[in-house]
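Q: Here's a structure for you.
Number of protein chains: 4
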Amino acid sequence: MTDEELIIKHFENDGYVKLSGITLVELTKEKAVASAKIGKEHLNANGSVQGGMLYTLADFAFAVHANFLHPATVTQGGHIQYIRAAITSEITATAKETVRAGHNTISEVIIRDDKDEIVCVCNFNGFVKDIDKEILRKKYE
Amino acid sequence: MTDEELIIKHFENDGYVKLSGITLVELTKEKAVASAKIGKEHLNANGSVQGGMLYTLADFAFAVHANFLHPATVTQGGHIQYIRAAITSEITATAKETVRAGHNTISEVIIRDDKDEIVCVCNFNGFVKDIDKEILRKKYE
Amino acid sequence: MTDEELIIKHFENDGYVKLSGITLVELTKEKAVASAKIGKEHLNANGSVQGGMLYTLADFAFAVHANFLHPATVTQGGHIQYIRAAITSEITATAKETVRAGHNTISEVIIRDDKDEIVCVCNFNGFVKDIDKEILRKKYE
Amino acid sequence: MTDEELIIKHFENDGYVKLSGITLVELTKEKAVASAKIGKEHLNANGSVQGGMLYTLADFAFAVHANFLHPATVTQGGHIQYIRAAITSEITATAKETVRAGHNTISEVIIRDDKDEIVCVCNFNGFVKDIDKEILRKKYE
Chain C
1 MTDEELIIKH
11 FENDGYVKLS
21 GITLVELTKE
31 KAVASAKIGK
41 EHLNANGSVQ
51 GGMLYTLADF
61 AFAVHANFLH
71 PATVTQGGHI
81 QYIRAAITSE
91 ITATAKETVR
101 AGHNTISEVI
111 IRDDKDEIVC
121 VCNFNGFVKD
131 IDKEILRKKY
141 E
Chain Z
1001 MTDEELIIKH
1011 FENDGYVKLS
1021 GITLVELTKE
1031 KAVASAKIGK
1041 EHLNANGSVQ
1051 GGMLYTLADF
1061 AFAVHANFLH
1071 PATVTQGGHI
1081 QYIRAAITSE
1091 ITATAKETVR
1101 AGHNTISEVI
1111 IRDDKDEIVC
1121 VCNFNGFVKD
1131 IDKEILRKKY
1141 E
Chain R
2001 MTDEELIIKH
2011 FENDGYVKLS
2021 GITLVELTKE
2031 KAVASAKIGK
2041 EHLNANGSVQ
2051 GGMLYTLADF
2061 AFAVHANFLH
2071 PATVTQGGHI
2081 QYIRAAITSE
2091 ITATAKETVR
2101 AGHNTISEVI
2111 IRDDKDEIVC
2121 VCNFNGFVKD
2131 IDKEILRKKY
2141 E
Chain B
3001 MTDEELIIKH
3011 FENDGYVKLS
3021 GITLVELTKE
3031 KAVASAKIGK
3041 EHLNANGSVQ
3051 GGMLYTLADF
3061 AFAVHANFLH
3071 PATVTQGGHI
3081 QYIRAAITSE
3091 ITATAKETVR
3101 AGHNTISEVI
3111 IRDDKDEIVC
3121 VCNFNGFVKD
3131 IDKEILRKKY
3141 E
C-alpha cells in the first residue's frame, strides 16, 4: 500500500464525511482536493449550501493533506470566511500547506463553486504528533 | 405564530441540520441551545466526534439565535478551537451574543460533551440585514 | 514577592507595551484588566485608535492573565473583530479565561472605549508549558 | 500624484505605525510589503519580538494594500498565528489579496524573520466602502 492509499483507506472510516457525500479527488504533496455534489440535504433554510457543509468539506481536505504530510496531525483550530452565497451544483475545496514549524502546521483551504468562483476562504492549524506511519499501516494491512 | 415559532419553522428547512441529526433545545433572548445524539455517522476516522459535525452544531445555534434577535443575519465568519477529543454520547452547543453594533453581531458558542466538559470554543460574526420580520412571517403563515 | 507581583515584575520588561503606553490595572484569578490613555501616537490615518494598538492591548491583557494562571503560557493565536471605530480618550481591555484543558488555554478579551461601549472582541489561545513558577521567581528575587 | 503616492501619503498619518518604526517597502497591485528594524522597544519580556508588534506590522501591510486596491477599506477582523519565536534583527510582512467579492476583501499576510523563515501567518478581512479616490486626493493635493 502506498502512503497515499494508506491515508485514503484511513479516512474512509470518517462517518460524517460519508454522511455528507464528500469525496477525495486528489492527494499529492502539494495539495489535497475534495468535493461534493450538492443535493437538498446540503442546503440551508435559504436554499444555498449550508455553512457547516462548507466547513466540513474544508476541514476534510485539510485533515487528509496534513495527515498525509505529517502523521498524525490533530486539528486545533479552524477559521472560515464566507464570501458569497454558494448556489451551485458542486463545491470543491483545495488545501495547501502554508508552513510547518515544530509541532505546528498551518494551511489555507479555498472552496470554489461550479463556476470556479471562490465562496469561502479557510485557515486551519494542526498539532503534529510525529508518529511512525507504520503504526497506521499495521492497522490496515 | 410567536417570533420563536416563526424562527423555528424557518430553520426546519435546513437540510444539512436535519441530515446531521441536530435539534434545537432552547431559544430565548439570552441564548440558543442545540444538541445532537452521537452515532457512528458523526465520528471521524479516530472514533471521536468529527470536527465538521461540531462546527455545524455551533453554527446552527448561532444562526438560530442571531436570526431570532436580528432578522435576517447572514454568517460572515466562524472560528472554532478544539480543546478535547469529543468521545461522548451527546454534544450540546450554547450560543450567546457578545455584542451587536451597526450591522455586526458577534457571538460565542461553547460546545460541551455528556460530562458537561467544554470540547470546543467558537466565535461567529454575522451581518445583520435588518429586514422586516413580517416578510418571513408571510412566507410561513 | 506574591505571585501577582512576580508576574507584574516580569511583564515590566515588555518593551513594546511600554512604548505603547499600556498599563496593567487589575490582576486576579478571574481577570486581567489593562488600559491606555490615547494620544496622537495611537491613532491611525483616519483619526481613530489604530487596529494594532487595540490588538496589542488585548494581547497583553491575555498574556498577563494566562501567565499568572499557568506559568509559562505562549500565545499561539489571536483573533480580533472590530465592532466600532474607537474615537476615545482611553481604551480598556478585560481578559477572562474561557477554558483550560491539557496544554491549551482559551480566553476572550473585550475592549471598551471611554463610554464603556465595546469596540473589539478578541480571542486568544495559548500553549501552557507548565514550568515551575520558582524558576521565574529566582530571576527576579 | 500617482495612486501609489496618494495612499503612501495618507498612511504617513498613521501615528502608531510611526511610533512602531514600521516602513512601507513595496506597493503594487500584487502585494504590499512592510518591514521594521527590531530594537529593544519591540521585544516582549522574553526577548523575542512582541506579538502586538508582529500583528501591527501585518495589519499595516494589509491596510495599505486593501486601500490601494479598493478605497476605502475598513478592517473588520484579523487573525494571527504565531509559528516561531521571532528572534531577529528585522521583520518583513507581505500582504496579498486572496479574493474580493461584493463589499468584502480577504487577504493573507506572511511575516518572515531575517533568515527568511516564516514567523506568523495572518488573515484579514476588510469591508470595502467603494468611495471615489478623488475625495482622498483632494485632501492631499
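Protein chains in written order, with the working numbering: chain C, 1 to 141; chain Z, 1001 to 1141; chain R, 2001 to 2141; chain B, 3001 to 3141.
Glycine residues also receive a C-beta, built at the ideal position from the N, C-alpha and C atoms.
1. Are the region 1077-1084 of chain Z and the region 29-45 of chain C touching by the rule of at least three beta carbon pairs closer than 8 Å?
2. Could you pull out every unbroken beta strand (DSSP E) segment of at least 3 residues lying fully inside the region 1068-1105 of chain Z, listed in chain order?
3. So with Cβ pairs under 8 Å, would you call Asn2046 of chain R a contact of chain C?
4. Taking Cβ-Cβ distances shorter than 7 Å, what residues in chain R pair up with Met3053 of chain B?
5. Counting along the chain, where does the alpha helix (DSSP H) carrying Val49 of chain C start and finish?
6. Taking a contact to mean a Cβ-Cβ separation below 8 Å, would you say Phe62 of chain C touches Ala95 of chain C in this structure?
7. Going along chain C in order, which residues have a C-beta closer than 8 Å to the C-beta of Gly2077 of chain R?
8. With Lys18 of chain C as the anchor, note down where its beta strand (DSSP E) starts and where it stops.
9. Closest by CA to Asp3014 of chain B, which one among B:Leu3054, B:Ser3048 and B:Phe3060?
10. How many Å lie between Val1119 of chain Z and Ser2089 of chain R at the Cα?
11. Alpha carbon to alpha carbon, how far is Val1121 of chain Z from Glu1026 of chain Z?
12. Classify Tyr2140 of chain R as buried or exposed, calling it buried when 16 or more other Cβ atoms lie within 10 Å of its own Cβ.
13. Which residues in chain Z have a C-beta closer than 7 Å to the C-beta of Leu19 of chain C? List them in chain order.
14. Taking C-beta pairs closer than 7 Å, name the residues in chain B that Tyr2140 of chain R reaches, listed in chain order.
15. Under the assumption that Ile1087 of chain Z contacts Ser1048 of chain Z (Cβ atoms under 8 Å), give the Cβ distance between them as a whole number of angstroms.
16. Relative to the C-alpha of Thr3028 of chain B, which candidate in B:Val3017, B:Asp3132 and B:His3070 has its C-alpha closest?
17. How many angstroms separate the CA atom of Ile3091 of chain B from the CA atom of Thr2023 of chain R?
18. Counting along the chain, where does the beta strand (DSSP E) carrying Glu1026 of chain Z start and finish?
19. Looking only at its chain, what residues have a beta carbon closer than 7 Å to the beta carbon of Leu3057 of chain B, apart from the 5 residues adjacent to it on each side?
20. Taking the continuous beta strand (DSSP E) assigned at Ile3038 of chain B, which residues delimit it?
21. Buried or exposed, going by whether 16 or more other CB atoms sit within 10 Å of the CB of Asp2132 of chain R?
22. Relative to the alpha-carbon of His3103 of chain B, which residue among B:Gln3050, B:Asn3067 and B:Ile3007 has its alpha-carbon at the smallest distance?
23. Could you tell me which of C:Asn46, C:Val64, C:Met53 and C:Ser107 sits nearest to Leu19 of chain C, measuring between CA atoms?
24. If the criterion is Cβ atoms closer than 8 Å, does the pair Asn3123 of chain B and Asn123 of chain C meet it?
25. Using a Cβ-Cβ distance under 8 Å, would Asp3113 of chain B count as near chain E?
26. Identify whether Ile131 of chain C lies in helix, strand or coil by the three-state DSSP scheme.
27. Please report the straight-line C-alpha distance between Glu2004 of chain R and Arg2137 of chain R, rounded to a whole angstrom.
28. If we ignore side chains and look at the alpha-carbon of each, how far apart do Glu2030 of chain R and Gln2050 of chain R end up?
29. Please return the same chain residues whose Cβ sits closer than 8 Å to the Cβ of Glu1097 of chain Z, not counting the five positions on each side in sequence.
30. My understanding is that Ala101 of chain C touches Ile3083 of chain B, with C-beta atoms under 8 Å, so please give their C-beta distance in whole angstroms.
31. Going by beta carbon distance, what residues of the same chain come within less than 7 Å of Val74 of chain C, once the five residues before and after it are set aside?
32. State the Cα-Cα distance for the pair Ile1008 of chain Z and Glu3012 of chain B, rounded to the nearest angstrom.
33. So who's on the other strand from Arg1137 of chain Z, going by DSSP bridges?
34. Over the uninterrupted alpha helix (DSSP H) stretch that includes Lys1009 of chain Z, give me the two end residues.
35. Got a sec: is the Cβ-Cβ distance from Thr98 of chain C to anything in chain B below 8 Å?
36. What does the Cβ neighbour count give for Asp1113 of chain Z, buried or exposed, with the cut at 16 atoms within 10 Å?
A: Here's the rundown:
1. no
2. Listed in chain order, they are 1073-1082 and 1090-1101.
3. The sequence position of residue 2046 of chain R within the third sequence is 46, counting from 1. In terms of beta-carbon proximity, Asn2046 of chain R stays away from the interface with chain C, with every pair separated by 8 Å or more.
4. Taking the first residue of the fourth sequence as position 1, residue 3053 of chain B is located at position 53. Result: Tyr2016.
5. Taking the first residue of the first sequence as 1, we reach residue 49 of chain C at position 49. From DSSP, Val49 of chain C is part of no alpha helix (DSSP H); its letter is neither H nor E.
6. Locating residue 62 of chain C in the first sequence gives position 62, where the first residue counts as 1. Locating residue 95 of chain C in the first sequence gives position 95, where the first residue counts as 1. Against a cut-off of 8 Å, the Cβ pair of Ala95 of chain C and Phe62 of chain C comes out as a contact.
7. As a working mapping, residue 2077 of chain R is identified with position 77 in the third sequence. For the C-beta of Gly2077 of chain R, the chain C residues within less than 8 Å are, from N- to C-terminus, Gly77 and Asn125.
8. By 1-based counting over the first sequence, the position of residue 18 of chain C is 18. No beta strand (DSSP E) holds Lys18 of chain C; the alpha helix (DSSP H) holding it covers Gly15 to Leu19.
9. Counting from 1 along the fourth sequence, the entry for residue 3014 of chain B is found at position 14. The residue with the shortest Cα to Cα distance from Asp3014 of chain B is B:Phe3060.
10. Position 119 of the second sequence holds residue 1119 of chain Z. Position 89 of the third sequence holds residue 2089 of chain R. Per the coordinates, the alpha-carbon of Val1119 of chain Z lies some 39 Å from the alpha-carbon of Ser2089 of chain R.
11. Translated into the one-based positions of the second sequence, residue 1121 of chain Z becomes position 121. Translated into the one-based positions of the second sequence, residue 1026 of chain Z becomes position 26. Answer to the nearest angstrom: the Cα atoms are 19 Å apart.
12. Residue mapping note: residue 2140 of chain R aligns to position 140 of the third sequence, counting from 1. Under this definition Tyr2140 of chain R is an exposed residue.
13. Within the first sequence, the letter at position 19 stands for residue 19 of chain C. Correct list: Leu1019 and Glu1041.
14. The sequence position of residue 2140 of chain R within the third sequence is 140, counting from 1. Result: empty, since nearest Cβ-Cβ is about 11 Å, beyond 7 Å.
15. Numbered from 1 along the second sequence, position 87 holds the residue referred to as residue 1087 of chain Z. Numbered from 1 along the second sequence, position 48 holds the residue referred to as residue 1048 of chain Z. That belief holds up - the Cβ atoms of Ile1087 of chain Z and Ser1048 of chain Z are roughly 5 Å apart, short of 8 Å.
16. Against the fourth sequence, residue 3028 of chain B aligns to sequence position 28. For Thr3028 of chain B, the nearest C-alpha among the options comes from B:His3070.
17. Working through the fourth sequence from its first residue, we reach residue 3091 of chain B at position 91. Working through the third sequence from its first residue, we reach residue 2023 of chain R at position 23. Taking the straight line joining both Cα atoms gives about 26 Å.
18. Along the second sequence, one-based indexing puts residue 1026 of chain Z at 26. Element bounds for Glu1026 of chain Z: Ile1022 to Leu1027.
19. For the purposes of this step, residue 3057 of chain B is taken as the residue at position 57 of the fourth sequence. Correct list, in chain order: Ile3022, Ala3034, Ala3036, Ile3091, Ala3093 and Ile3111.
20. Indexing the fourth sequence from 1 puts residue 3038 of chain B at position 38. From DSSP, Ile3038 of chain B is part of no beta strand (DSSP E); its letter is neither H nor E.
21. One-based indexing of the third sequence puts residue 2132 of chain R at position 132. It is exposed - the Cβ of Asp2132 of chain R has fewer than 16 other Cβ atoms within 10 Å.
22. Stepping through the fourth sequence from its first residue, residue 3103 of chain B is reached at position 103. His3103 of chain B has its Cα closest to that of B:Asn3067, out of B:Gln3050, B:Asn3067 and B:Ile3007.
23. Taking the first sequence and counting its residues from 1, the one referred to as residue 19 of chain C is at position 19. Considering only alpha carbons, the answer is C:Met53.
24. Translated into the one-based positions of the fourth sequence, residue 3123 of chain B becomes position 123. Translated into the one-based positions of the first sequence, residue 123 of chain C becomes position 123. Taking 8 Å as the Cβ cut-off, Asn3123 of chain B and Asn123 of chain C qualify as a contacting pair.
25. No chain E appears in the structure shown, which is made up of the protein chains C, Z, R and B.
26. Numbered from 1 along the first sequence, position 131 holds the residue referred to as residue 131 of chain C. Coil.
27. In the third sequence, residue 2004 of chain R corresponds to position 4, counting from 1. In the third sequence, residue 2137 of chain R corresponds to position 137, counting from 1. Taking the straight line joining both Cα atoms gives about 11 Å.
28. The residue you call residue 2030 of chain R lines up with position 30 of the third sequence. The residue you call residue 2050 of chain R lines up with position 50 of the third sequence. If I take the Cα positions, the gap works out to 28 Å.
29. As a position in the second sequence, residue 1097 of chain Z is number 97, starting the count at 1. Correct list, in chain order: His1065, Ala1066, Leu1069, Thr1105, Ile1106 and Ser1107.
30. As a position in the first sequence, residue 101 of chain C is number 101, starting the count at 1. As a position in the fourth sequence, residue 3083 of chain B is number 83, starting the count at 1. So it is a contact: roughly 5 Å between Cβ atoms.
31. As a working mapping, residue 74 of chain C is identified with position 74 in the first sequence. Only Gly126, Phe127 and Lys129 meet the Cβ criterion.
32. One-based indexing of the second sequence puts residue 1008 of chain Z at position 8. One-based indexing of the fourth sequence puts residue 3012 of chain B at position 12. Taking the straight line joining both Cα atoms gives about 51 Å.
33. Here residue 1137 of chain Z corresponds to residue number 137 of the second sequence, with the count starting at 1. According to DSSP, Arg1137 of chain Z bridges with nothing at all.
34. Taking the first residue of the second sequence as 1, we reach residue 1009 of chain Z at position 9. Note, Lys1009 of chain Z: alpha helix (DSSP H), Asp1003 to Phe1011.
35. The sequence position of residue 98 of chain C within the first sequence is 98, counting from 1. True, the Cβ-Cβ gap to chain B drops below 8 Å.
36. In the second sequence, counting from the first residue as 1, residue 1113 of chain Z sits at position 113. Burial call: buried.
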